[in-house]
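*Asks:*
Number of protein chains: 2
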Amino acid sequence: MRDFSADHRWLSINTATVRAQWPLDRIIGECARRGIRAISPWRDQVAVVGLERVATLIRDTGLELSGYCRGGMFPAATAAGRQAALDDNRRAVDEAKTLNAACLVLVVGGLPGALAGHAEHKDISRSRAEVSDGIAATLEYARTVGMPLAIEPLHPTYAADRACVNTLEQALDLCDALDHSRSGALGVAVDVYHVWWDPKLQSQIARAGRERLLAFHVCDWLTPTRDLLNDRGMMGDGVIDIPRIRGWVEAAGFSGYSEVEIFSTQDWWQRDGGEVLDTCIARHRSAV
Amino acid sequence: MRDFSADHRWLSINTATVRAQWPLDRIIGECARRGIRAISPWRDQVAVVGLERVATLIRDTGLELSGYCRGGMFPAATAAGRQAALDDNRRAVDEAKTLNAACLVLVVGGLPGALAGHAEHKDISRSRAEVSDGIAATLEYARTVGMPLAIEPLHPTYAADRACVNTLEQALDLCDALDHSRSGALGVAVDVYHVWWDPKLQSQIARAGRERLLAFHVCDWLTPTRDLLNDRGMMGDGVIDIPRIRGWVEAAGFSGYSEVEIFSTQDWWQRDGGEVLDTCIARHRSAV
Numbered sequence: 000m001r002d003f004s005a006d007h008r009w010l011s012i013n014t015a016t017v018r019a020q021w022p023l024d025r026i027i028g029e030c031a032r033r034g035i036r037a038i039s040p041w042r043d044q045v046a047v048v049g050l051e052r053v054a055t056l057i058r059d060t061g062l063e064l065s066g067y068c069r070g071g072m073f074p075a076a077t078a079a080g081r082q083a084a085l086d087d088n089r090r091a092v093d094e095a096k097t098l099n100a101a102c103l104v105l106v107v108g109g110l111p112g113a114l115a116g117h118a119e120h121k122d123i124s125r126s127r128a129e130v131s132d133g134i135a136a137t138l139e140y141a142r143t144v145g146m147p148l149a150i151e152p153l154h155p156t157y158a159a160d161r162a163c164v165n166t167l168e169q170a171l172d173l174c175d176a177l178d179h180s181r182s183g184a185l186g187v188a189v190d191v192y193h194v195w196w197d198p199k200l201q202s203q204i205a206r207a208g209r210e211r212l213l214a215f216h217v218c219d220w221l222t223p224t225r226d227l228l229n230d231r232g233m234m235g236d237g238v239i240d241i242p243r244i245r246g247w248v249e250a251a252g253f254s255g256y257s258e259v260e261i262f263s264t265q266d267w268w269q270r271d272g273g274e275v276l277d278t279c280i281a282r283h284r285s286a287v
Numbered sequence: 000m001r002d003f004s005a006d007h008r009w010l011s012i013n014t015a016t017v018r019a020q021w022p023l024d025r026i027i028g029e030c031a032r033r034g035i036r037a038i039s040p041w042r043d044q045v046a047v048v049g050l051e052r053v054a055t056l057i058r059d060t061g062l063e064l065s066g067y068c069r070g071g072m073f074p075a076a077t078a079a080g081r082q083a084a085l086d087d088n089r090r091a092v093d094e095a096k097t098l099n100a101a102c103l104v105l106v107v108g109g110l111p112g113a114l115a116g117h118a119e120h121k122d123i124s125r126s127r128a129e130v131s132d133g134i135a136a137t138l139e140y141a142r143t144v145g146m147p148l149a150i151e152p153l154h155p156t157y158a159a160d161r162a163c164v165n166t167l168e169q170a171l172d173l174c175d176a177l178d179h180s181r182s183g184a185l186g187v188a189v190d191v192y193h194v195w196w197d198p199k200l201q202s203q204i205a206r207a208g209r210e211r212l213l214a215f216h217v218c219d220w221l222t223p224t225r226d227l228l229n230d231r232g233m234m235g236d237g238v239i240d241i242p243r244i245r246g247w248v249e250a251a252g253f254s255g256y257s258e259v260e261i262f263s264t265q266d267w268w269q270r271d272g273g274e275v276l277d278t279c280i281a282r283h284r285s286a287v
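In the order they appear, the protein sequences are chains A and B.
The C-terminal position of the first sequence is numbered 287 in numbering that gives the first Met the number 0, with every residue numbered one higher than the one before it.
The C-terminal position of the second sequence is numbered 287 in numbering that gives the first Met the number 0, with every residue numbered one higher than the one before it.
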C-alpha cells in the first residue's frame, strides 16, 4: 500500500468539491498552483468555461483527469428518451476523449422521472435492463475512441432517482456480461461513500482486480447525515475506514489517484475554496 | 398470492405509525374497533403503559402481535456494554413472550456511539462479529422460552448508527451460521423500505423460505426523501413495487400479516391518528 503521508502526488480533486466557490478555470489554476496533479471535472462545469478552453488549460497546466463526470442516466419512459440518453452519452465520451480523461464515470440512472419527484413506473428491474442496454451501446462507441467506461455503483439511497446499480457485485456482474475478456474498456469507479457499508466489499474489490478498478473516490460518511445528497464529510470526519478500503483496492492492483469528491451544502461549500483544497491535501496525507 | 383488496384481515399496525398521536393503550383500542387483528408494539410504548396492562389489553381485545420491537443493538465499545446489551435482549425476549408475539425483531446495532454522533471506532467488521455473537447468545435463551428472533436487515443508510446487517443475503448468512437446521427459532423481518433496492432481493427471499420469513413490513420510499429516518411514505405514495415483493414473499411460503410501519415527522405523525389508521386500511387493500 502506497504511503500517502509525505506528499499529495496521488491526490485528485473532483471539481464538484469546490463548485460552489469557483468556476472550472479558476479551480484548475488553484489546483495546479498547489501541486495537485489531477482533477475530475463535471460536464456542466466544462460547458460553462468551454470545452476547448478547458482542454487548453489542462494541457498548459499538465493536469491529468482521473475521470470525467459523467455519463449514464440511461433509463427513460420512452424509446425517444432512451435514444436521447445514448446520444448524450456519445457526446460525453467525446468530451472525455478531448480532455484525455482516464475514464468516463457512469451514474447509470434509476426510475425515469424519480429525480423530479414523479417516477414514471416502479419497475426497477426494467430500469436495470435499460441500463445494461445503454452501457452496451455506449461501450460499443467508447471502444472505438478508446475511452474506458467506469460504472459507479451508487449507495442504495439513490436507487430510485440516480442509479439502480447499487453494489459493487452488481456492477461487476454487468462488466462480466458486457466485457467478458476484461479488456480494460469497462470497469468500475469505487467511491467509499457509496460502498463502505457493503459486507461483500472486500471480496468484490478483489474480484474486480486491476483491469476493472478504474477510479477510486473518497470522502466520508457523517453521523448524523443531515441531507441525503449534499452532506458528505471530509475524509477523517466520518465513520469510513478509508485506509482499509484503499488497502484492499491497492492489493487488487489499483495504482491511480485518490479522488476527493465532497458535496456539502452546509459546510464545505460555505468555506473559502482555498481552505477546502488545503484541507483536502492535509487529509489526503493523514486520513486516506 | 392472497387477495388483499376485499378486506384487511392480514393488516398489522406497527404502533410507531401512530406513536406521535396516541399512547399504546389508545392505539390498541383504536385498532381493535377498526377490525385490525394485529399490531407490533415498541418496548418504550409498552413501558409507558405497563407490560401487564398491555398484556391484559391484548388478551381482552384478541389482538395478535405480528412482532415485538425490538431487540438488538449488540455492539459496544466495552465488554460491560456488550453484557448489558445481552441482558437487555433477554428482557426483550421475556416481554415478547409475555405478549405472545410472533417474533422479537432485532435491529442489530452498528458502530458503538455512532447513533449519538461519536463513533467509538470505524471497524464495521468488528461490529458485525459482535452482532453474530450477540444473536447467538440471545438465541440460546430465546430457544428455551420459544420466542423466534427475526433479524431485520436495515437499509445501508443506517449501517453506521442502527444496524450493520444491511442485506437480506447477509441476514440469511447469519441465520444459516447460527441455526443451520432451519428450526424456526431464527429468521428475518423483511421490510420493503430497507430491501426494495436490492438486486438480489427476489433470489434471497426464495432462499429464505417459509422457515426464515418471520415478518413482512411495508411502507413506501418517497422521492425526494427529506429525512434519513423519519420520512417514510404511506404505501402507494412512493416508488416501491410492494405487490411484487409481497408476491415473492408469499411464493416463498409466508402467510402472515403485512405490518405497516411508518415513521413520518412531517406528514403522518402530524395527522389525526384515526385518519392514519383508516388510510393504512385503505392502502393495505389497494397498494399492498
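Ideal placement from N, C-alpha and C gives every residue a C-beta, glycine not left out.
1) Would Gly186(A) and Leu167(A) be called neighbours here (beta carbons separated by less than 8 Å)?
2) For the region 237 to 250 of chain A, which residues have a beta carbon sitting closer than 7 Å to at least one beta carbon of chain B?
3) Under three-state DSSP, which class holds Asn88(A)?
4) Express the C-alpha separation of Asp24(A) and Glu249(A) in angstroms, rounding to a whole number.
5) Between which two residues does the beta strand (DSSP E) containing His216(A) stretch?
6) Use the C-beta contact count for Thr55(A): other C-beta atoms within 10 angstroms, 16 or more gives buried, fewer gives exposed.
7) Count the other CB atoms, across all protein chains shown, that sit within 10 Å of the CB of Pro223(A); report buried if there are 16 or more and exposed otherwise.
8) Measure the CB-CB distance between Glu260(B) and Asn13(B) and report whether it falls below 8 Å.
9) Tell me which residues share the same chain as Arg284(B) and place their Cβ nearer than 8 Å to its Cβ, disregarding the 5 neighbours each side in the sequence.
10) Output yes if chain B places a C-beta closer than 8 Å to the C-beta of Asp160(A); else output no.
11) Thinking just about the alpha-carbon of each residue, which of Asp178(B), Arg33(B), Trp195(B), Ala170(B) is nearest to the one in Gly61(B)?
12) What's the C-alpha gap between Arg176(B) and Tyr256(A)?
13) Where does Arg69(A) sit, in a helix, a strand or coil, going by DSSP?
14) Starting from Leu227(B), find everything on chain A with Cβ-Cβ shorter than 7 Å and list it in chain order.
15) In three-state terms, what does DSSP make of Trp196(B)?
16) If the criterion is Cβ atoms closer than 8 Å, does the pair Phe262(A) and Phe215(A) meet it?
17) In terms of residue numbering, what span does the alpha helix (DSSP H) encompassing Glu129(A) cover?
18) With 8 Å as the limit, tell me which residues of the region 121 to 140 of chain B have their beta carbon closer than that to any beta carbon of chain A; keep them in chain order.
19) Does Trp21(A) come out as helix, strand or coil in the three-state DSSP assignment?
20) Just the C-alpha distance for Cys30(A) and Arg36(A), rounded to the nearest angstrom, thanks.
21) Since Gln265(A) meets chain B, which of its residues come closer than 8 Å, beta carbon to beta carbon?
22) Can you check whether the C-beta of Gly289(A) is within less than 8 Å of a C-beta belonging to chain B?
23) What do you get for Ala15(A), buried or exposed, if any count of 16 or more other CB atoms within 10 angstroms of its CB means buried?
24) Helix, strand or coil, according to DSSP, for Glu258(B) in the structure here?
25) Buried or exposed for Gly273(A), going by 16 or more other Cβ atoms inside 10 Å?
26) Are at least three pairs of beta-carbons, each pair with one atom in the region 156 to 164 of chain A and one in the region 102 to 112 of chain A, less than 8 Å apart?
27) Within 8 Å (strictly less), CB to CB, does His154(B) reach chain A?
28) Could you check the C-alpha separation between Phe73(B) and Ala84(B) for me, to the nearest Å?
29) Which residues of chain B have a Cβ atom closer than 7 Å to the Cβ of Gly116(A), listed in chain order?
30) Alpha carbon to alpha carbon, what distance is there between Pro147(B) and Ala141(B)?
31) Run down chain B in chain order and give the residues with a C-beta less than 7 Å from the C-beta of Gln169(A).
32) Can you list, in chain order, the residues of its chain whose CB lies under 8 Å from that of Asp271(B), leaving out five sequence neighbours each side?
33) According to the neighbour-count rule (16 or more other Cβ atoms, all chains shown, within 10 Å of its Cβ), is Arg1(B) buried or exposed?
34) Quick one: what's got a C-beta closer than 6 Å to Gln44(B)'s C-beta in the same chain, skipping five residues either side?
35) Grouping DSSP H, G and I as helix and E and B as strand, with all else coil, what is Ala79(A)?
36) Tell me, please, whether the CB atom of Leu105(A) is closer than 8 Å to any CB atom in chain B?
*Replies:* Let me spell this out:
1) no
2) For the region 237 to 250 of chain A, which is checked against every Cβ of chain B, the residues closer than 7 Å are Val238, Ile239, Asp240.
3) Three-state DSSP puts Asn88(A) in a helix.
4) 32 Å
5) 212 to 217
6) Flag for Thr55(A) reads exposed.
7) exposed
8) yes
9) Excluding residues within five positions, the ones whose Cβ falls inside 8 Å are Phe3, Ser4, Ala5, Asp6, His7.
10) yes
11) Arg33(B)
12) For clarity, residue 176(B) is Ala in the given sequence; the question names Arg instead. So the two alpha carbons sit approximately 39 Å from each other.
13) strand
14) Here the neighbours are Thr224, Leu227.
15) coil
16) no
17) 123 to 144
18) Lys121, Asp122, Ile123, Arg127
19) Reduced to three states, the DSSP call for Trp21(A) is coil.
20) 8 Å
21) What Gln265(A) touches in chain B: nothing, since even the nearest Cβ is about 15 Å away.
22) Given a span of 0 to 287 for chain A in the structure shown, any question on residue 289(A) remains unanswerable.
23) buried
24) strand
25) exposed
26) yes
27) yes
28) 6 Å
29) Residues of chain B passing the Cβ test: Thr222, Pro223.
30) 7 Å
31) Pro198
32) Gln20
33) exposed
34) Thr14, Leu23
35) Here Ala79(A) sits in helix by DSSP.
36) Among the CB atoms of chain B, none fall inside 8 Å of the CB of Leu105(A).
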